[in-house]
Structure formats: structure tokens, C-alpha cells
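Visitor: -4 is the number of the first residue of the sequence shown in this note's numbering; add one for each residue after it.
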Amino acid sequence: MSANKLVLDLETQKSFDEVGGRDKNHLLKVSVVGVYSYPKNQYLCFTEEQMYKLGEMLSEADQIIGFNIINFDYQVLQPYINFKLADIPTLDILTEVEKLIGHRVRLDNLAQMTLGYGKSGDGLEALKLYKAGRIEELKKYCLDDVKITKELYDYVSKYGKLLFKDYFETREIKLAFPEPNRRKPLLRQAQLF
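Structural data, given as C-alpha cells:
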């Protein structure tokens, strides 16, 4: 049986300006969390009220895959989960790319150059959708980012590289993502605080 890998991305209820800066991610609050489950071959989306279901999925995962997930998504999500997200093996594509080239690259840049298409919007648009109560559109936007992240992961798994635009030049990053080991699920359930 293959590893239980999940691709994760989330959107927030508040902006950095509303919570007093980029060092206060834990105050941004979840609006929706999008997930792709490799074992189920399924995209799922969870609202803030459904964090317990998401927590159950995360507790059983062998690996969580994301883009800037360690420094952003986990910090926003942690107040909803009663176990440490850092205890789950995590592959942060941004962190892996940054290690190799020495600086950050936007998800949209990697997607445009590697996959031939980019993001469907940006985080500020997602905030507007949330504040306007347009939750189905917000879910679609979030799952679009999950799909891009999954396809970048799959591309590396197949071809061992990603492409990005560095000023006016397209560059190639050689990298490999090892398969995670199977692990015992965390036995605690997620809960809302």
C-alpha cells in the first residue's frame, strides 16, 4: 500500500494588516482548507466549522505536501488542531526550492514556467470572496492552488526538476522528493478551540 500523502493549502478570514503584521499568522483564522488525498484520489475542502474532520485526516497522514506550508499554513491551522502539526512529516516545496537557489519563488512563477498555467487569483481576492460570503467560489480558488501544488509535486516525481523565471531567463531546478515512510496515526482528534 502506498503512503498516505495529502496536499494542503488554506485561505484566511483576515489579512496581515487586520492582525498587526506578518508575525501573527496564528491570528489570521481559517476560512477554508483545501486538500488532495493521494490514497482517495480526491479533492476535499473544509470550512472552519469542519476542522475536526481535517484534523482526523491530518493525524493519519504519512506526509503533508504544500507550498510555504511550514511558515504560513501550519501557523494559521495550529490553533484548531490539538496535536503538533510539526510532528507530521512535511514536504514544503517552497523550502526545498529556496534551499537550492537561495531565494524564494512564487507559486505562480513555478506553475507558469513548469506547467504552462498559473494561479486563478491571489490571496487578497480570496479574502474578498470570504468577506462577501462567496464560499463556493472561495473553495474553488483554494482547490485550484491545491491542484497546482499537487501537479508541481507530481512533475518533480516524474521529471526531477522544476522551471522558474529568474528576471528574464527561464531556469531549471533539479530536485527529488523521496517517498515518505508509513507511520502510525496520531491517536488524538482535532478540535476547535
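For each residue, glycine too, the CB sits at the ideal point set by N, CA and C.
Keep in mind it's a predicted model, so treat the numbers as computed, not measured.
Give me the residue from K9, Q107 and H21 with the minimum Cα distance to N66.
Guide: Reading the sequence shown from its first residue, position 71 is the one you call residue 66. Answer by Cα proximity: H21.
Visitor: Using CA coordinates, which residue listed in T165, R17 and M46 is at the minimum distance from V27?
Guide: Working through the sequence shown from its first residue, we reach residue 27 at position 32. Considering only alpha carbons, the answer is M46.
Visitor: What whole-angstrom Cβ distance do L1 and V25 have, given they're in contact under 8 Å?
Guide: Position 6 of the sequence shown, counting from 1, holds the residue named residue 1. Position 30 of the sequence shown, counting from 1, holds the residue named residue 25. In fact, because the Cβ distance is near 16 Å, the residues do not count as touching under 8 Å.
Visitor: DSSP puts C137 in a beta bridge; with which residues?
Guide: Walking along the sequence shown from the start, residue 137 turns up at place 142. Bridge partners of C137: none, in fact.
Visitor: Among the candidates L5, S32, T144 and K9, whose CA atom is the shortest distance from the CA of Y69?
Guide: For the purposes of this step, residue 69 is identified with residue 74 of the sequence shown, where counting begins at 1. Out of L5, S32, T144 and K9, L5 has the C-alpha closest to the C-alpha of Y69.
Visitor: Taking 7 Å as the cut-off, decide whether the C-beta atoms of L102 and I60 are in contact.
Guide: Here residue 102 refers to the residue found at position 107 when the sequence shown is read from its first residue. Here residue 60 refers to the residue found at position 65 when the sequence shown is read from its first residue. Their beta carbons are not under 7 Å apart, which means L102 does not touch I60 by this criterion.
Visitor: How is the alpha helix (DSSP H) around L53 delimited, first residue to last?
Guide: Within the sequence shown, residue 53 is the residue found at index 58, counting from 1. M46 to S54 is the extent of the alpha helix (DSSP H) around L53.
Visitor: N195 to E13, Cα distance in whole Å?
Guide: Residue 195 falls outside the range modelled here, since the chain spans only -4 to 188, and no answer is possible.
Visitor: Could you check the C-alpha separation between D57 and R129 for me, to the nearest Å?
Guide: In the sequence shown, counting from the first residue as 1, residue 57 sits at position 62. In the sequence shown, counting from the first residue as 1, residue 129 sits at position 134. Distance between the alpha carbons of D57 and R129: 33 Å.
Visitor: Please state the DSSP three-state secondary structure of G61.
Guide: Indexing the sequence shown from 1 puts residue 61 at position 66. Reduced to three states, the DSSP call for G61 is strand.
Visitor: Using the Cα positions of F163 and N77, report the straight-line distance between them to the nearest angstrom.
Guide: Reading the sequence shown from its first residue, position 168 is the one you call residue 163. Reading the sequence shown from its first residue, position 82 is the one you call residue 77. C-alpha separation (whole angstroms): 46 Å.
Visitor: Please classify D140 as buried or exposed, where buried requires at least 16 neighbouring CB atoms within 10 angstroms.
Guide: As a working mapping, residue 140 is identified with position 145 in the sequence shown. Buried is the call here.
Visitor: Does DSSP classify I168 as helix, strand or coil?
Guide: As a working mapping, residue 168 is identified with position 173 in the sequence shown. Three-state DSSP puts I168 in a strand.
Visitor: What's the call for K145, buried or exposed, on a 16-neighbour Cβ count within 10 Å?
Guide: Here residue 145 is taken as the residue at index 150 of the sequence shown, counted from 1. It is buried - the Cβ of K145 has at least 16 other Cβ atoms within 10 Å.
Visitor: Using only the alpha-carbon positions, how far apart do Q8 and K79 sit?
Guide: Along the sequence shown, one-based indexing puts residue 8 at 13. Along the sequence shown, one-based indexing puts residue 79 at 84. Taking the straight line from one Cα to the other gives about 22 Å.
Visitor: Closer than 6 Å: is that where the CB of I76 sits relative to any heavy atom of the ligand ADP?
Guide: Looking for the ligand ADP in the displayed structure turns up nothing, as the structure carries no ligands at all.
Visitor: Kindly confirm or deny that the region 146 to 163 and the region 114 to 124 touch, where touching means at least three C-beta pairs closer than 8 Å.
Guide: no
Visitor: From the DSSP output, which residues share a beta bridge with Y31?
Guide: The residue given as residue 31 occupies position 36 in the sequence shown. Answer by DSSP bridge pairing, in chain order: V2 and Y38.
Visitor: Quick one: residues in its chain with C-beta nearer than 8 Å to the C-beta of C137, no 5 flanking neighbours on either side, listed in chain order?
Guide: Walking along the sequence shown from the start, residue 137 turns up at place 142. These residues qualify, in order along the chain: D4, L5, E6, V27, V28, G29, C40 and A121.
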